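This note's numbering puts the first residue of the sequence shown at 264, with every later residue one more than the last.
What follows is a short report on a single structure.
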Amino acid sequence: MTGARISTLRLAGVTRSFGGHQALRGLDLEISGGEFVALLGPSGCGKSTALNCLAGLLPLTGGQIFLDGERIDQLAPERRGFGMVFQNYALFPHMTVRNNVGFGLKMAKVPKAEAAERVTRALDMVQLTAHAHKRPGQLSGGQQQRVAIARAIVLEPRLVLMDEPLSNLDAALRLEMRAEIRRLHQRLGLTTVYVTHDQEEALSLADRLVVLRDGRTQQIGTPEEVYSRPANRYVASFMGYRTLLDATVTGTRGPHVVVDIAGSPLVGLDRDGVAAGGRVTAAIRPEDLDAVTGDDPPDGTSGTSGTPGLPATVEVVEYHGRELAVQARLTDGRRVHFRTRKRLAPEESVRLVAPADRVLVFAADDGDGLPNELGKRPSRGPGAGDGPAPEPSAPEPSVPEAGEPGSPDPRNPAAAPADEGAAEPSGKSREARDIPKQVAT
Numbered sequence: 264m265t266g267a268r269i270s271t272l273r274l275a276g277v278t279r280s281f282g283g284h285q286a287l288r289g290l291d292l293e294i295s296g297g298e299f300v301a302l303l304g305p306s307g308c309g310k311s312t313a314l315n316c317l318a319g320l321l322p323l324t325g326g327q328i329f330l331d332g333e334r335i336d337q338l339a340p341e342r343r344g345f346g347m348v349f350q351n352y353a354l355f356p357h358m359t360v361r362n363n364v365g366f367g368l369k370m371a372k373v374p375k376a377e378a379a380e381r382v383t384r385a386l387d388m389v390q391l392t393a394h395a396h397k398r399p400g401q402l403s404g405g406q407q408q409r410v411a412i413a414r415a416i417v418l419e420p421r422l423v424l425m426d427e428p429l430s431n432l433d434a435a436l437r438l439e440m441r442a443e444i445r446r447l448h449q450r451l452g453l454t455t456v457y458v459t460h461d462q463e464e465a466l467s468l469a470d471r472l473v474v475l476r477d478g479r480t481q482q483i484g485t486p487e488e489v490y491s492r493p494a495n496r497y498v499a500s501f502m503g504y505r506t507l508l509d510a511t512v513t514g515t516r517g518p519h520v521v522v523d524i525a526g527s528p529l530v531g532l533d534r535d536g537v538a539a540g541g542r543v544t545a546a547i548r549p550e551d552l553d554a555v556t557g558d559d560p561p562d563g564t565s566g567t568s569g570t571p572g573l574p575a576t577v578e579v580v581e582y583h584g585r586e587l588a589v590q591a592r593l594t595d596g597r598r599v600h601f602r603t604r605k606r607l608a609p610e611e612s613v614r615l616v617a618p619a620d621r622v623l624v625f626a627a628d629d630g631d632g633l634p635n636e637l638g639k640r641p642s643r644g645p646g647a648g649d650g651p652a653p654e655p656s657a658p659e660p661s662v663p664e665a666g667e668p669g670s671p672d673p674r675n676p677a678a679a680p681a682d683e684g685a686a687e688p689s690g691k692s693r694e695a696r697d698i699p700k701q702v703a704t
């Protein structure tokens, strides 16, 4: 079961506005056939808006979409040949599993014999053959999501679009379905665009990540690039750099800089070409901070900066099996987070050290996700961030995701948006209205 594989999907300056607010601002992205791309960000960042624009459920305010060189943004959803998996499954409650999976084929007027064969193969792929006669209400959440996935892939789509398909599942089922989605993607050679707010989910599934904030692209890269070399403070905070400390640069050491934090020096890797005296932010992952108690040497001293460390007092200790998750307070009252195998207790005094290459130093953020130009060097030197910083612009209010409950209906784009996280209304009317048009695409 394989559809016509695409060569290239290109989004050129894709923009979507609701009234005077831009939910998506000039998204440029090129996706190769067989690639798994995750759109990642918090609620209101524009990721579902981008997916709905790609699906044809929202018209573009600006920009164009090309599939293998052919412009498709003016095509109706059913003419794009895409499959879509919805967050709320969107299954017909009165239909059996087999009929739900085959609904799109019926709408496409595929011959009955061929449709039956394709449905059987799809059910086998998602391991639901034994449940083909059941209705959605008789299935678990994970099984319902498998039905939704089978309904998408049975169409042999050129592109599969997934809108937070695992967010309604419990932790164990999310892990199981994550592996299932990746297995199907590899087995069928699918091209997939996947929306999620879960960093771990995106890192484990995707070939490339697109990190969004308030409709702007913050970084595009492989999971390793985004995880290890975040482009700015915002991406760092979203990708697990839990300790973010405002500081002042006191000196430079080649690709590294020395910053002052609560009266103590800390050496970090310069990511933005910052200047002496500049305002910066030092970003550190919990696993990269090491607690030194008394005169004991830190665990793994190789690669540490050689500074005496940041004096801190332990506040909260959480048991996580082989290690502890600790929240501590610096001498100026700011809080830091680290993980350790040492048995620490609240009110215990420690010194915190970190390898210089694991402390990322960014120019100060003025609140719009862009670096403060006053803190940067006149020219970019060794250790500066990858590529030029984006052009600053005035911050705009965060806009709820389109395509979510309460947001503009695809058939009425002028409707006012509402909160992305609003609960999906129960009842049959929305499903009965939306599913036939969308699932058949």
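Note that the Cβ used here is the ideal one computed from N, Cα and C, for glycine as well.
Quick caveat, the model's predicted, so the values are computed rather than measured.
Identity of the residues DSSP links to glycine 332 by a beta bridge: Translated into the one-based positions of the sequence shown, residue 332 becomes position 69. Looking at the DSSP assignment, glycine 332 forms no beta bridge with any residue, so it has no partner.
Outcome for alanine 499 when other beta-carbon atoms lying within 10 angstroms are tallied against a minimum of 16: Mapped onto the sequence shown, residue 499 falls at position 236. So alanine 499 ends up on the buried side.
Own chain partners of leucine 354 with C-beta closer than 7 Å, once the 5 adjacent residues on each side are dropped: The residue you call residue 354 lines up with position 91 of the sequence shown. When the five nearest sequence neighbours on each side are left out, the beta carbons in the same chain lying within less than 7 Å of the beta carbon of leucine 354 are those of Asn363, Pro399, Gln407, Val410, Ala411, in order along the chain.
Rounded C-alpha distance that separates alanine 442 from glycine 405: As a working note, residue 442 is residue 179 in the sequence shown. As a working note, residue 405 is residue 142 in the sequence shown. Between alanine 442 and glycine 405, the C-alpha separation is close to 12 Å.
Selection from Ser295, Ala275, Phe299, Ile294 that minimises the alpha carbon distance to proline 288: Indexing the sequence shown from 1 puts residue 288 at position 25. Here residue 288 turns out to be arginine, not proline, going by the sequence shown. Checking every option, the nearest Cα to that of arginine 288 belongs to Ala275.
Contact check, alanine 525 vs aspartate 595, beta carbons under 7 Å: Residue numbering aside, residue 525 sits at position 262 when the sequence shown is read from its first letter. Residue numbering aside, residue 595 sits at position 332 when the sequence shown is read from its first letter. Yes. Within cutoff.
Extent of the continuous alpha helix (DSSP H) to which methionine 347 belongs: As a first step, residue 347 is located in the sequence shown; it is residue number 84 there, counting from the start. Methionine 347 -> not in any alpha helix (DSSP H); beta strand (DSSP E) instead, spanning 345 to 348.
Cross-strand partners of valine 489 (DSSP beta bridge): Here residue 489 refers to the residue found at position 226 when the sequence shown is read from its first residue. In the DSSP output, where bridge partners are listed per residue, valine 489 has none listed.
Those residues which DSSP pairs with proline 518 across a bridge: As a position in the sequence shown, residue 518 is number 255, starting the count at 1. The bridge partners DSSP lists for proline 518 come to none.
Per-residue DSSP class, three states only, for histidine 460: The residue given as residue 460 occupies position 197 in the sequence shown. Reduced to three states, the DSSP call for histidine 460 is coil.
Exposed unless 16 or more other CB atoms sit within 10 angstroms - verdict on alanine 469: Here residue 469 corresponds to residue number 206 of the sequence shown, with the count starting at 1. Residue environment analysis places alanine 469 among the buried positions, since at least 16 neighbouring C-beta atoms fall within 10 angstroms of its C-beta.
At least three beta-carbon pairs within less than 8 Å, the region 447 to 456 to the region 419 to 434: A contact between stretches requires three or more CB pairs, one per stretch, nearer than 8 Å, and the region 447 to 456 meets this requirement with the region 419 to 434.
Length-filtered (4 minimum) alpha helix (DSSP H) runs lying within the region 393 to 462: Restricting attention to alpha helix (DSSP H) runs no shorter than 4 residues, the region 393 to 462 encloses them at 404 to 416, 434 to 451, ordered along the chain.
Three-state secondary structure (DSSP) of leucine 317: For the purposes of this step, residue 317 is taken as residue 54 along the sequence shown, with counting starting at 1. Three-state result, leucine 317: helix.
Unbroken alpha helix (DSSP H) run spanning threonine 383, endpoints: Taking the first residue of the sequence shown as 1, we reach residue 383 at position 120. Run containing threonine 383: 375 to 388, per the alpha helix (DSSP H) assignment.
Where glutamate 611 falls: helix, strand or coil (DSSP): Sequence index remark: in the sequence shown, residue 611 carries index 348 (1-based). Coil at glutamate 611, not helix or strand.
Buried or exposed by the 16-neighbour rule on C-beta atoms within 10 Å, applied to lysine 310: Locating residue 310 in the sequence shown gives position 47, counting from the first residue. Buried is the call here.
CA-to-CA distance, valine 456 to leucine 314, given in whole angstroms: Locating residue 314 in the sequence shown gives position 51, counting from the first residue. Locating residue 456 in the sequence shown gives position 193, counting from the first residue. So the alpha carbons of these two residues sit roughly 8 Å apart.
When Pro609, Leu386, Ile269 are compared against glycine 332, the one with the closest alpha-carbon: Taking the sequence shown and counting its residues from 1, one reaches residue 332 at position 69. Nearest option by C-alpha distance: Ile269.
Close Cβ partners of glycine 650 (< 6 Å) along its chain, the five nearest in sequence each way excluded: For the purposes of this step, residue 650 is identified with residue 387 of the sequence shown, where counting begins at 1. The predicted position of glycine 650 is uncertain, since its pLDDT is 40 and thus under 50; no value can be drawn from it.
Where glycine 307 falls, given that 16 or more other Cβ within 10 Å makes a residue buried: The count along the sequence shown starts at 1 and reaches residue 307 at position 44. It counts as buried.
Candidates Glu298, Gln481, Gly326, of which the one nearest glutamine 337 by Cα: By one-based count along the sequence shown, residue 337 stands at place 74. Ranking the options by Cα distance to glutamine 337, first place goes to Gly326.
Nearest candidate by alpha-carbon position, reference isoleucine 294, set Ala591, Asp477, Ala385, Val473: For the purposes of this step, residue 294 is identified with residue 31 of the sequence shown, where counting begins at 1. For the residues Ala591, Asp477, Ala385, Val473, the minimum Cα distance to isoleucine 294 belongs to Val473.
Arginine 598, enclosing beta strand (DSSP E) - first and last residue: The residue given as residue 598 occupies position 335 in the sequence shown. Element bounds for arginine 598: 598 to 603.
Start and end residues, beta strand (DSSP E) containing arginine 542: Here the question's residue 542 lines up with position 279 in the sequence shown. Run containing arginine 542: 542 to 547, per the beta strand (DSSP E) assignment.
Proline 340 (DSSP reduced to helix, strand or coil): Translated into the one-based positions of the sequence shown, residue 340 becomes position 77. Secondary structure of proline 340 (DSSP, three-state): helix.
Coil, strand or helix - aspartate 509 by DSSP: Sequence index remark: in the sequence shown, residue 509 carries index 246 (1-based). Reduced to three states, the DSSP call for aspartate 509 is strand.
Check whether arginine 381 and valine 417 have beta carbons under 7 Å apart: If you number the sequence shown from 1, residue 381 lands on position 118. If you number the sequence shown from 1, residue 417 lands on position 154. In contact: arginine 381 and valine 417 (Cβ atoms closer than 7 Å).
Proximity of leucine 593 and leucine 607 at Cβ, strictly below 7 Å: Counting from one through the sequence shown, the residue named residue 593 turns up at place 330. Counting from one through the sequence shown, the residue named residue 607 turns up at place 344. Going by C-beta atoms, leucine 593 is not nearer than 7 Å to leucine 607.
First through last residue of the alpha helix (DSSP H) which encompasses leucine 368: Reading the sequence shown from its first residue, position 105 is the one you call residue 368. Leucine 368 -> alpha helix (DSSP H) spans 360 to 370.
Same chain only: Cβ atoms within 6 Å of alanine 395, ignoring 5 sequence neighbours per side: As a first step, residue 395 is located in the sequence shown; it is residue number 132 there, counting from the start. If we look at alanine 395 and ignore the five residues flanking it on each side, its Cβ neighbours are Val360, Arg361, Leu386.
Below-7 Å beta-carbon distance, phenylalanine 329 vs any chain D residue: You won't find chain D in this structure, because it holds only one protein chain.
Distance CB(valine 624)-CB(valine 521) smaller than 7 Å: In the sequence shown, counting from the first residue as 1, residue 624 sits at position 361. In the sequence shown, counting from the first residue as 1, residue 521 sits at position 258. For valine 624 and valine 521, no; Cβs fall outside 7 Å.
DSSP-derived helix/strand/coil call for alanine 538: Here residue 538 is taken as the residue at index 275 of the sequence shown, counted from 1. Note: alanine 538 maps to coil in three-state DSSP.
Inter-residue Cα distance where the pair is glycine 557 and histidine 600: Residue mapping note: residue 557 aligns to position 294 of the sequence shown, counting from 1. Residue mapping note: residue 600 aligns to position 337 of the sequence shown, counting from 1. So the two alpha carbons sit approximately 19 Å from each other.
Threonine 603 versus arginine 621: straight-line alpha-carbon distance, rounded: Here residue 603 corresponds to residue number 340 of the sequence shown, with the count starting at 1. Here residue 621 corresponds to residue number 358 of the sequence shown, with the count starting at 1. Cα-Cα distance, rounded: 16 Å.
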